[in-house]
Amino acid sequence: SVLYFGGSDAKLKSKMRRDVKYFALFTILALNYCWFSLLLSTVHGVYDDGNRNEFPGIFPPNAINQKSVHETKTHTQGQKREELPGWIEEYISWHTRSRKQFPGKAIITDPNAPPVLVRTCLTAFYGGLNDRLGQLPLDLYIANQTQRILLIKWIKPHGLENFLVSPEGGLNWTFPEGVENWGTRCSNPSECGKQIRTTVPELESNVGVSENRLKSQRYDELIDNNIRELNHGKLKDAKAVRFVILGHLNENYLEQKLLTLGEKDLIHNTPTFGAIFRRFFRPHPNVQKEIDLANKNLGLIPGSYSIAHSRVSHPQAYERGEKFKGSYIGNADGHGFPFEGSMKDKAVDIATRAIKCAASLPDASSHPIYFIADSKDLVQYMTRDLQNETYVLNHFDSFIDQKSANATAKELVSRYHVVARNQNTPNCHIDKNRHRPVKHYYPTFIDLYLAMNGRCVSYGIGYFAVFATKLSGTQCKIRYMKEKWGSSIPITNVDFCSLPARD
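Going by the working numbering, the first residue of the sequence shown is number 240, and it counts up by one from there.
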């Protein structure tokens, strides 16, 4: 039966049609609201804490901010600042407000403060600078998707703040001092690291803690599972969570995620990669002093010199299991490179190719070539000894054979302006050389910044120089050597130099 509302049947039917239309419209609006709320909760999580609800998060594809990287004036420093994609700018703004609202230890200890996500280096098995600092895009993505404050804490070889500091107006990643169970009341770095490992929960990692071997779990599953655990799983209520993940092993993962969310700037091969680094870091004053001194002494002008990088102590630069005088060459990273005999010839050949290939880059031969190596003996030889007439006369026999490694290298450096900083401070690998004073690790950061300021870069084994090219964004680069064994991470967008060390 039909309910009677009064009036004629025509009026009743007209009223019923209007009511049905209004009800349908209301239903559609309600469903759209529910769908949009669900989408937002899926993208960046839903939390009850009022402070964290202010977190911007990554928005749906059609709403994401598509700001490109460009330079803009800052009001605080009067200097040009590179603007980042919208989602990163919004995350940094939220991060800055939170650290101001909860200063010092309060960001960890205050129950009203947002939770934190801490990239840690607690042992000496976390790799070089690329492994430790080249993961910032992924770090920001995970922190953004889980609404956590991103911090960095190193125990070994020393605290990162001894080498790099937060720039004014940048992201303050510094871990506050004196937080209980974060390296307090411990007598040495190993004990402090153990304290953190046993008390602070950790995300699943793709790196073994003690053996530095990659785990076999699928990378995409690893990251997705970790985000799920932080948002909805067993780590949801953890105030602080630590992590060590090598993001450069599969940069495609993050790029596909950003594409899905509607972001056009995929970071890794754009100026944004270096812009992020510069928003996080500037050299510690002690390191900056050494950079300035090297520039002054060597006459280096940023953008007006080239880089030749030689990683001669890397085990993959030689045949697997190769020995010299009964010792495995693969141990040279930790125990020092044996710069003598056949090993010296091999190192000199590698350096010669590095310089040759650097000089082959457009207009590079007319500018200084700054030489970087992980052997101070090699740097001394290529940039000092071979250019010293007294040394050459005293070692005349080494140069008789014009096709020898020594004679070839001598002839090469005589044609180009090859320079290097003073080698009084040893080159210590940040991962392999342990228990050294803070200043012994300065050269690693000095050379990184000098390489970042280079116009062109020639590199072989390892990822130190590759990291520098990504930070600077230079397209003037060339690779002259590949690993002799084992797996390697593909390096794209670079030409290979096939010039031999000796003609």
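In this text, a Cβ means the ideal position worked out from N, Cα and C, and glycines have one as well.
Query, Result
"Helix, strand or coil at Tyr380 according to DSSP, with G and I counted as helix", "helix"
"Three-state class that DSSP yields for Ser614 in the structure shown", "coil"
"Cβ neighbours of Leu379 in the same chain (closer than 8 Å, five flanking residues each side left out)", "Ile327, Tyr330, Leu389 and Ile515"
"Cβ pair Arg467, Lys392 closer than 9 Å", "no"
"Start-to-end residues for the alpha helix (DSSP H) that takes in His334", "Gly325 to Gln340"
"Backbone CA spacing between Phe512 and Val696 [nearest angstrom]", "17 Å"
"Given Gly486 as reference, the closest of Ser444, Glu322, Phe519 and Ala571 once Cα atoms are compared", "Ser444"
"Distance between Pro353 and Asp287 (C-alpha atoms, nearest Å)", "Residue placement at Asp287 is flagged as unreliable, the pLDDT there being 33, under the threshold of 50; the coordinate-derived value follows with that caveat. Cα to Cα, Asp287 sits roughly 11 Å from Pro353."
"Cβ neighbour criterion (16 or more within 10 Å) applied to Asp742", "exposed"
"Inter-stretch contact (C-beta, 8 Å, three-pair minimum) for the segment 699–716 and the segment 367–374", "yes"
"Sheet register partners of Asp734 (DSSP bridge)", "Ile717"
"Inter-residue Cα distance where the pair is Ala646 and Phe684", "32 Å"
"Leu403 - partner residues in DSSP beta bridges", "Pro522"
"Endpoints, alpha helix (DSSP H) assigned at Ile546", "Looking at the DSSP string, Ile546 is not in any alpha helix (DSSP H); the run it does join, the beta strand (DSSP E), is Ser545 to Ser549."
"Backbone CA spacing between Thr359 and His606 [nearest angstrom]", "40 Å"
"Secondary structure of Arg452, DSSP reduced to three states", "Its pLDDT being 44, under 50, Arg452 is placed unreliably by the model, and the measurement read from it follows with that caveat. Reduced to three states, the DSSP call for Arg452 is coil."
"Phe402 vs Tyr609 beta-carbon contact at 9 Å", "no"
"Assigned secondary structure, Val418 (DSSP; H/G/I helix, E/B strand, else coil)", "coil"
"Alpha carbon of Ser276 to alpha carbon of Asn470, nearest angstrom", "Model confidence at Ser276 stands at a pLDDT of 47, short of 50, so the residue's coordinates are unreliable; what they give is reported in the following sentence. The alpha-carbon atoms of Ser276 and Asn470 are separated by roughly 16 Å."
"Assigned exposure category for Leu738 - 16 Cβ within 10 Å defines buried", "exposed"
"Segment limits, beta strand (DSSP E) that includes Val480", "Ala479 to Phe482"
"Inter-stretch contact (C-beta, 8 Å, three-pair minimum) for the segment 409–417 and the segment 333–342", "yes"
"Thr629, DSSP secondary structure in three states", "helix"
"Buried or exposed by the 16-neighbour rule on C-beta atoms within 10 Å, applied to Asp602", "exposed"
"Straight-line Cα distance separating Lys339 from Ile394", "25 Å"
"Proximal residues to Ile589 (C-beta, below 6 Å), its chain only, five neighbours per side dropped", "Ser549 and Val551"
"Span of the alpha helix (DSSP H), counted from its first residue to its last, around Tyr698", "Premise fails: Tyr698 lies in the beta strand (DSSP E), Cys695 to Tyr698, not in any alpha helix (DSSP H)."
"Proximity winner among Asn661, Leu461 and Gly325, relative to Leu537 (alpha-carbon distances)", "Asn661"
"Endpoints, beta strand (DSSP E) assigned at Lys392", "Ile388 to Trp393"
"Thr359: first and last residue of the uninterrupted beta strand (DSSP E) it sits in", "Val355 to Cys360"
"Candidates Cys431, Asn491 and Tyr458, of which the one nearest Thr731 by Cα", "Asn491"
"For Ser566, three-class secondary structure by DSSP", "strand"
"Span separating the alpha-carbon of Ala593 from that of Leu497", "36 Å"
"Contact set for Asn464: own chain, Cβ-Cβ below 8 Å, skip 5 residues either direction", "Glu443"
"Cβ-based neighbour list, Lys576, same chain, cut-off 8 Å, excluding 5 preceding and 5 following", "Here the sequence assigns Phe to residue 576, which means Lys is not the residue at that position. Once the five neighbours on either side are set aside, the close Cβ partners of Phe576 are Val551, Ser552, Met582, Ala586, Asp613, Ser614, Asp616 and Leu617."
"Proximity to Glu400 [Cα-Cα], best of Ile346, Lys642 and Phe519", "Phe519"
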